[in-house]
Amino acid sequence: MSAPTMNTAGQTLLEVDSLTMRFGGLTAINNLSLNVPGGKITSIIGPNGAGKTTFFNCLTGFYKPTTGSVRMHHPEHGPLALEQMPSYHVARKAGVVRTFQNIRLFPNMTVLENLIVAQHNALQHASRFSLAGLFGRAGYKQAREAALTKAEMWLTRLKLLDIADLAAGNLSYGTQRRIEIARALCVDPLLLCLDEPAAGLNPRESAELNELLLYLSREHHKGILLIEHDMNVVMRVSDHICVLNFGNKIAEGTPEQIQNDPNVIKAYLGEDEADEKEAA
Amino acid sequence: MTTPAPIQFTPTHQMPAMLARAKDAVGVALVSLLLGIPMIGLHTVDQGGVLAVMTRWPWLLAFVVAMFVGRFVMQFALDHVKLNKAKRERKRPEVAARRPWLTWLGRALLGFAVVLPIAFSGNRYVVDTATTVLIYVMLGWGLNVVVGLAGLLDLGYVAFYAVGAYTYGLLSTHFGWGFWETLPVAGALTASFGILLGWPTLRLRGDYLAIVTLGFGEIIRLILVNWTDFSGGPNGVTSIPRPTFFGLPFSPSTDETTFSSFFHLDYSADHRVIFLYYVILALALLTNLFVSRLRKLPVGIAWEAVREDEVACKALGMNVTNIKLSAFAIGAMLGGFAGVFFAARQGFISPESFVFSESATILAIVVLGGMGSQLGVVFASVLLVLLPELGRDFSEYRMLLFGAAMILIMVWRPGGLIAHREPTVKLGRAPSPVPANQGAQA
Chain W
5 MSAPTMNTAG
15 QTLLEVDSLT
25 MRFGGLTAIN
35 NLSLNVPGGK
45 ITSIIGPNGA
55 GKTTFFNCLT
65 GFYKPTTGSV
75 RMHHPEHGPL
85 ALEQMPSYHV
95 ARKAGVVRTF
105 QNIRLFPNMT
115 VLENLIVAQH
125 NALQHASRFS
135 LAGLFGRAGY
145 KQAREAALTK
155 AEMWLTRLKL
165 LDIADLAAGN
175 LSYGTQRRIE
185 IARALCVDPL
195 LLCLDEPAAG
205 LNPRESAELN
215 ELLLYLSREH
225 HKGILLIEHD
235 MNVVMRVSDH
245 ICVLNFGNKI
255 AEGTPEQIQN
265 DPNVIKAYLG
275 EDEADEKEAA
Chain S
1193 MTTPAPIQFT
1203 PTHQMPAMLA
1213 RAKDAVGVAL
1223 VSLLLGIPMI
1233 GLHTVDQGGV
1243 LAVMTRWPWL
1253 LAFVVAMFVG
1263 RFVMQFALDH
1273 VKLNKAKRER
1283 KRPEVAARRP
1293 WLTWLGRALL
1303 GFAVVLPIAF
1313 SGNRYVVDTA
1323 TTVLIYVMLG
1333 WGLNVVVGLA
1343 GLLDLGYVAF
1353 YAVGAYTYGL
1363 LSTHFGWGFW
1373 ETLPVAGALT
1383 ASFGILLGWP
1393 TLRLRGDYLA
1403 IVTLGFGEII
1413 RLILVNWTDF
1423 SGGPNGVTSI
1433 PRPTFFGLPF
1443 SPSTDETTFS
1453 SFFHLDYSAD
1463 HRVIFLYYVI
1473 LALALLTNLF
1483 VSRLRKLPVG
1493 IAWEAVREDE
1503 VACKALGMNV
1513 TNIKLSAFAI
1523 GAMLGGFAGV
1533 FFAARQGFIS
1543 PESFVFSESA
1553 TILAIVVLGG
1563 MGSQLGVVFA
1573 SVLLVLLPEL
1583 GRDFSEYRML
1593 LFGAAMILIM
1603 VWRPGGLIAH
1613 REPTVKLGRA
1623 PSPVPANQGA
1633 QA
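Residue numbers (this note's numbering), protein chains in the order written: chain W, 5 to 284; chain S, 1193 to 1634.
Following this line, the structure appears as structure tokens:
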């Protein structure tokens, strides 16, 4: 298990090499290469249908890429071929944990339970496949307390402590987003993949999200891979931005470089809007 | 607007509803007037051998007014129920609070279950029926792991019950195994059958899973029917030995030490009935303890997480395959235990006891009780066993009554009798350091 304080800042954490994903005749991702450093925030932007979420699905084992490789340089386990791992191994062994565009919480369980479920592997190990747990052995109780402490720590950091015992499905959208991030953090990720965390948030909430992302990357040295449409978030927090359009990488660089990149302005901002106006 | 209805509360936004109800009631009154003219307004009387048509307008008026008021009150009551329901649903985030009365109800039921054979010691029928109820309670608790907690719809649960029953039936008649030795073996065997069923169905969900499990249940039954050399076919397995009281048989014989001679009691057939009742009570309570502890352990929380969202589980690094298989195995094992008891109690088993309708009954118990609720299973079992028993007097309407009761319950409580879910762990909002002990035992 990766320790939460493991500092991988600056090193290349994830190395994506000529990744291609085809669905029948549709090429969702075309020959994409990308390096994601640890402890920094890397954003992936692009119009709808550019292949961003597909990219996440390839990273986290939900899709098997057609060709190409995804290497995770894990400080403990060495280089790992994510494209060959089942999805649960990606989170458990490689420390790459994702959230979803359409929030996927456990709605009938409480917020705290959601965070405890995220620590299932450690707890299940400590409970010796339920035997030690059934008889209430000390080792299991310690692991359980540790899990609760960790959950409470993230609940406090993400200002969720007051609602810890409420059913997650009944809470507001912005809160559910925060819970999903807190839950992912409970897995102790080295790389946190957030799929549109600002979608549906109001301006105040997305300002809070900015702070949270910066805090996680600066204080906890989490590598963050961010898919986002909200430019207020992307431009303010990203260390590095990669722009996708129709599955191709069209630009890569710092926020300033991206904002001034003619390709991006043409393909992503300018031309699309003009097209839309013409169509309308 | 004049409305003769009993208005309890009429906030301003309620007025359109009142108007709508009044209109509706007027409509009904008109229809009843139309129908009432020939049916009530006019009637025929025998006047010296000749039929004469007489009128009775006051009756008709009373009828129409009654229809109007009745309809209005009915609508009002229906809306009221809906409103209350909506209110309750809106309140739900706060409903995470505990319900101590449920715990007390459970304890009271347990106390009642313990004294039942003493209270009804002369009444063999009551103890027998209670034993049947407890078998279903145990089966319900077992299936609750699969359906209620892990959310895997299993329509072939009776297969595991059958495997357990035949394990004891065959081991005891062929190899002379006793009840208590067979229990763990049958548990292990049915658990493996659970994995056998679980393995090919891992990718299936919902309806598709239900169909495959249904097929599995039928396969087991058909094997039992057709493999005559092994299972005795449709004739089943007969003269299965009854469980003994720590080696003391329940029999009137005087050659050996029996239960009655050991305790210097007069032999009575009731002893065995009461003993069996306590055996199943103990088994059921152990099951309950086991399942409710498991639910709070990582594996139990994982079952519920898989029910809620399988994809999210994978993204959190959980091996969904193992979690589902463990649910199948443990659910099957508990069904197997119940099966062993069933064989020991009946002394005779045949494939007829393990038909699909048994699976459906057990599933109905879990669904009616409220998915995942332990106490709900008890209520539902009592209901589902007692309703047909009570209905014996109206033999041909029995299933009709039964069906009507089921429909009524599902209309009244769509989430089951006890739809409340108790969180497995609570923070309790105590100041840090973490109140883990509170959480662990809550």
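Glycine included, every Cβ here is placed at the ideal spot set by N, Cα and C.
message = Does any residue of chain W have a CB that is nearer than 9 Å to the CB of A1278 of chain S?
response = The beta carbon of A1278 of chain S sits no closer than 9 Å to any beta carbon of chain W.
task = Give the C-beta separation of G1607 of chain S and G1562 of chain S to the nearest angstrom, bearing in mind that I take them to be a contact with Cβ-Cβ under 8 Å.
result = The pair is a contact, with the Cβ atoms about 6 Å apart (cut-off 8 Å).
request  = Entirely within the region 1227–1303 of chain S and at least 4 residues each: give me those alpha helix (DSSP H) ranges in chain order.
outcome  = Within the region 1227–1303 of chain S, the runs of alpha helix (DSSP H) that reach at least 4 residues and sit entirely inside it are, in chain order, 1249–1283.
query = Do we get a CB-CB distance below 9 Å when we pair R1613 of chain S with the residues of chain W?
reply = So yes, R1613 of chain S belongs to the interface.
key: R1590 of chain S versus S:M1602, S:I1601, S:V1577, residue with shortest Cα-Cα distance   = R1590 of chain S has its Cα closest to that of S:V1577, out of S:M1602, S:I1601, S:V1577.
inquiry  = According to DSSP, is G14 of chain W part of a helix, a strand, or is it coil?
reply    = Residue state, collapsed to three classes: coil.
query = CB-CB under 6 Å to P1433 of chain S, same chain, minus the five flanking residues each way: which ones, in chain order?
reply = Spatial neighbours of P1433 of chain S in its own chain (CB-CB distance under 6 Å, excluding positions within 5 residues in sequence) are listed in chain order as S1364.
request  = Please name the residue, chosen from W:L213, W:T153, W:F250, W:T70, that lies closest to M235 of chain W on a Cα-to-Cα basis.
outcome  = Looking at W:L213, W:T153, W:F250, W:T70, the one whose alpha-carbon comes closest to that of M235 of chain W is W:L213.
inquiry  = Is the separation between the beta-carbon of P1435 of chain S and that of G1348 of chain S shorter than 9 Å?
reply    = No, they are not a contact pair.
Residues within the region 115–137 of chain W neighbouring chain S, beta-carbon criterion of under 7 Å = Those residues of the region 115–137 of chain W that come within reach of chain S (Cβ to Cβ, closer than 7 Å) are L116, E117, I120, V121, A122, H124, N125, L127, Q128, S131, S134, G137.
Secondary structure, alpha helix (DSSP H): runs of 4+ residues fully inside the region 26–85 of chain W = Those alpha helix (DSSP H) runs which fall completely within the region 26–85 of chain W and span 4+ residues are 56–63.
task = Please report the residue range of the beta strand (DSSP E) in which A255 of chain W lies.
result = For A255 of chain W, the enclosing beta strand (DSSP E) has its first and last residue at 252–257.
message = Which residues in chain S have a C-beta closer than 7 Å to the C-beta of D169 of chain W? List them in chain order.
response = Result: A1288, P1615, K1618, L1619.
query = Applying a beta-carbon distance threshold of less than 7 Å, which residues of chain S neighbour N293 of chain W?
reply = As shown, chain W starts at 5 and ends at 284. That puts residue 293 of chain W outside it, with no answer to give.
ask   = At a Cβ threshold of 9 Å, is P79 of chain W touching chain S?
value = Residue contact check for P79 of chain W against chain S: no CB pair falls below 9 Å.
ask   = Per DSSP, which one or two residues make a beta bridge with E19 of chain W?
value = Paired residues: W:N39, W:R75.
key: Close Cβ partners of I1599 of chain S (< 8 Å) along its chain, the five nearest in sequence each way excluded   = The answer is none, since no qualifying residue turns up.
ask   = Can you name, in chain order, every residue of its own chain whose Cβ lies under 7 Å from the Cβ of A1209 of chain S, other than the five neighbours on each side?
value = So the qualifying residues of the chain are D1271.
key: Alpha-carbon spacing of G82 of chain W relative to M76 of chain W, whole angstroms   = Between the alpha carbons of G82 of chain W and M76 of chain W lies a distance of about 8 Å.
query = Is it buried or exposed for A1217 of chain S, if we count other Cβ within 10 angstroms and need 16 for buried?
reply = Buried.
ask   = Where does G1675 of chain S land, buried or exposed, given buried means 16+ other C-beta within 10 angstroms?
value = Beyond the ends of chain S as shown, which are 1193 and 1634, falls residue 1675 of chain S; an answer cannot be given.
query = Is it true that the CB of I1229 of chain S sits closer than 9 Å to the CB of W1251 of chain S?
reply = No, these two residues do not count as a Cβ contact at 9 Å.
key: Cα-Cα separation between R1284 of chain S and E209 of chain W, rounded to whole angstroms   = Residue confidence for R1284 of chain S is low, a pLDDT of 45 falling below 50, so the modelled location carries little weight and cannot support an answer.
task = Can you tell me which of the three DSSP states F1540 of chain S falls into?
result = When secondary structure is reduced to three states using DSSP, F1540 of chain S falls in the coil class, being assigned neither helix nor strand.
ask   = Where T1616 of chain S and G1492 of chain S are concerned, what is the direct C-alpha to C-alpha distance, given to the nearest angstrom?
value = Going by the C-alpha atoms only, they are around 9 Å apart.
ask   = On the three-state DSSP scale, how would you describe R1605 of chain S?
value = R1605 of chain S sits in coil when the DSSP states are folded into three classes, being neither helix nor strand.
ask   = In the DSSP assignment, what are the bridge partners of V100 of chain W?
value = DSSP, once it has assigned bridges, lists W:L195 as partnering V100 of chain W.
Cα-Cα separation between E1286 of chain S and W1293 of chain S, rounded to whole angstroms = Legend: pLDDT at E1286 of chain S = 42, less than 50; position of this residue unreliable, value from coordinates given subsequently. Their backbone Cα atoms lie some 17 Å apart in a straight line.
task = Tell me A171 of chain W's beta-bridge partners as DSSP assigns them.
result = W:T114, per the DSSP bridge assignment.
inquiry  = Please identify the residue among W:G251, W:K145, W:P259 whose C-alpha is closest to the C-alpha of L30 of chain W.
reply    = Considering only alpha carbons, the answer is W:G251.
task = Could you tell me which chain S residues have their CB closer than 8 Å to the CB of T64 of chain W, listed as they occur along the chain?
result = What T64 of chain W touches in chain S: A1507.
request  = Anything in chain S within Cβ reach of R108 of chain W, meaning under 8 Å, just list it in chain order.
outcome  = Near R108 of chain W (Cβ distances below 8 Å), the residues of chain S are D1501, V1503, A1504, A1507.
query = Helix, strand or coil: which one does DSSP assign to I228 of chain W?
reply = Here DSSP, grouped into helix, strand and coil, assigns I228 of chain W to strand.
inquiry  = Does N249 of chain W come out as helix, strand or coil in the three-state DSSP assignment?
reply    = In the displayed model, N249 of chain W falls within a strand according to three-state DSSP.
message = At the 9 Å Cβ level, is E1496 of chain S part of the contact set with chain W, yes or no?
response = Taking Cβ atoms only, chain W reaches closer than 9 Å to E1496 of chain S, which makes this a yes.
ask   = For I1554 of chain S and chain W, any beta-carbon pair shorter than 9 Å?
value = The beta-carbon of I1554 of chain S is placed no less than 9 Å from the nearest beta-carbon of chain W.
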